[in-house]
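The numbering of the sequence shown is the working numbering, which starts it at -2 and goes up by one. We put the CB at the ideal spot given by N, CA and C, even for glycine. Model, not experiment: these values are computed from the prediction.
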Amino acid sequence: MQIRFKSYGDLGRDITKNFVKFSGDWDLVVGIPRSGMVPAYMIALALNVNCTDISSWVNNYPLKKGMTRGLRNEISSPWEAKKVLIVDDSIMSGNSLKSEVEALPEWLSDRASTLAVYSSKPFRKDVDIILEFLPHPRAFEWNIFHHKVISRSCVSLEGMIRNGDLNSNKADLSFRYIPSGVIDTIVSCQNESSRHEVENLLASSGISYRELIMADSETNVKEFDSLIKFKVDKFKASPAEMFIEGDSDQARLICQEAKKPVFCLNDNCIYNPGDKLGTRFIKNKVKYLVWKVVNGKSRKPGFFSLIIFKIK
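Here it is, written out as structure tokens:
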């Protein structure tokens, strides 16, 4: 299995290269909180128009802007906008975006078009503009610790620590991220004898998990090879689909040995095992090929009528 990953940098590049798809005489860009606000602001800056969230648009809260640049369309309140672009970062089933639009007063929804940066389907009728086709499984930098994928992940406890040392005063420790959901498995190099301390640390930090695995007296985690074997064995034995690791060298080796995806916090990327020609892989390759052809510069008039595309 391979997980496609998009960082903030990827998001910016994908918006920039697809500018022609959303360029136009927009008066206002409206973001879907929370994850839709980042691309909404990027797109609004590219268009040089105001940006607000959907609640502020509906309630007509005054628009604000900085003092350093003038806007293409100077408006002071959202309801002045006659042409509005509603933006979300991604669309899968389409239900979330649909519910947001359906909740709008008709006179506002009539002014709006919708855009999703990433779509799980290459062609769809429930959104007006999609910038990139990104099939599942996928993960984004801005929500990887707040996505349901965390419930299918094995996480290195040491990799999550922002500062401090598990071997010293645990009260001084802090974590890079506090996941919103329940982690499937946490793996720690701490000895089993300190389980009570580690459990208290996780509980006080608001980190929930299904299983906590710690090193026993026979595991020499101070030696690199033994440490990798310890993590790989626990990852392979767990139902987790992805491992989250802080160290780059360890992340690459865990991926190589476990043959499962590993997200590296330091590198901010996902290491995937070699491609496997399974059903999902083949379908996604076909979908992506059609997407590239249709969206390429060589697209011919009437090409859509030639496509018969029925892969679910």
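Nearest-angstrom Cβ-Cβ length linking residue i and residue j, presumed shorter than 8 Å
i      : j      : result
Ala109 : Ile83  : 5 Å
Leu101 : Val55  : 7 Å
Asp86  : Phe137 : 7 Å
Phe240 : Lys257 : 7 Å
Nearest residue (CA-CA) to residue i, options the options
i      : options                           : result
Val27  : Lys14, Tyr206, Asp7 and Ser74     : Ser74
Phe260 : Asn197, Phe221, Arg149 and Lys18  : Arg149
Val114 : Ser214, Asn15, Tyr58 and Arg159   : Asn15
Phe130 : Lys145, Leu112, Val146 and Ile147 : Leu112
Ser53  : Ser96, Ser177, Leu105 and Leu94   : Leu105
Lys193 : Ile51, Leu209, Lys256 and Asp230  : Inspection of the sequence shows that residue 193 is occupied by His rather than by Lys. Answer by Cα proximity: Leu209.
Arg159 : Asp222, Ser202, Lys118 and Tyr206 : Ser202
Ala212 : Leu60, Lys61, Tyr206 and Ile225   : Ile225
Ser205 : Gly178, Ala78, Asp246 and Asp85   : Gly178
Leu262 : Ala255, Ala248, Glu254 and Lys256 : Ala248
Ile19  : Ile127, Trp76, Asp107 and Ser93   : Note that residue 19 is Phe in the sequence shown, not Ile. Measuring from the Cα of Phe19, the nearest candidate turns out to be Ile127.
Ser223 : Glu254, Asn92, Lys79 and Glu77    : Glu254
Ile51  : Lys231, Glu97 and Asp244          : Glu97
For residue j and residue i, the rounded distance between their alpha carbons
i      : j      : result
Val81  : Asp24  : 6 Å
Gly271 : Thr13  : 30 Å
Arg31  : Ala41  : 16 Å
Ile88  : Lys3   : 14 Å
Pro236 : Pro134 : 16 Å
Asn292 : Val146 : 30 Å
Glu242 : Ile251 : 9 Å
Thr276 : Glu99  : Confidence is the limiting factor: at Thr276 the pLDDT is only 43, short of 50, which leaves the residue's position unreliable, though a coordinate-based value still follows. Taking the straight line from one Cα to the other gives about 36 Å.
Ile0   : Tyr58  : 40 Å
Phe278 : Pro132 : Reliability of the predicted coordinates at Phe278 is poor, the pLDDT of 48 falling under 50, and no value is obtained from them.
Ser117 : Ser90  : 8 Å
Thr216 : Phe227 : 7 Å
Pro119 : Glu220 : 47 Å
Ile175 : Leu199 : 10 Å
Ser191 : Ser214 : 12 Å
Leu94  : Lys122 : 12 Å
Cys48  : Lys61  : 9 Å
Gly21  : Glu103 : 23 Å
Glu238 : Glu189 : 25 Å
Val78  : Asp107 : The sequence shown places Ala at residue 78, not Val. Taking the straight line from one Cα to the other gives about 12 Å.
Pro298 : Val124 : Low confidence applies here, because Pro298 scores a pLDDT of 43, under 50, leaving its location unreliable; read the following figure in that light. Going by the C-alpha atoms only, they are around 22 Å apart.
Glu196 : Arg173 : 18 Å
Ala234 : Ile29  : 39 Å
Val218 : Gln187 : 9 Å
Val290 : Trp76  : 39 Å
Glu71  : Val287 : 40 Å
Phe232 : Asn92  : 34 Å
Leu170 : Val17  : 47 Å
Leu274 : Ser245 : Because the pLDDT of Leu274 is 41, which lies under 50, any placement of that residue in the model is unreliable, and the number read from its coordinates should be weighed accordingly. Near 27 Å, if we compare the C-alpha coordinates of Ser245 and Leu274.
Val342 : Arg207 : Nothing can be reported for residue 342, as the shown portion of the chain is limited to -2 through 309.
Beta-bridge partners of residue i, as assigned by DSSP
i      : result
Ile241 : Val152 and Phe260
Arg121 : According to DSSP, which records beta bridges pairwise, Arg121 is partnered with nothing at all.
Ile210 : Val184
Asn47  : Leu25
Cys266 : Cys261
Glu129 : Tyr115
Lys3   : Phe137
Ala234 : Ala234 pairs with nothing; no bridge assigned.
Phe172 : Ile158
Leu82  : Val26 and Ser110
Next item on the list: Give a yes or no on contact between the region 143 to 162 and the region 170 to 187, applying the rule of three or more CB pairs nearer than 8 Å.
Entry: yes
Notebook entry, point to check: Below 8 Å, can you find three or more Cβ-Cβ pairs linking the region 30 to 42 to the region 4 to 12?
Noted result: yes
Next item on the list: Say whether the region 257 to 273 touches the region 131 to 143, bearing in mind that this needs 3 or more beta-carbon pairs closer than 8 Å, one atom from each stretch.
Entry: yes
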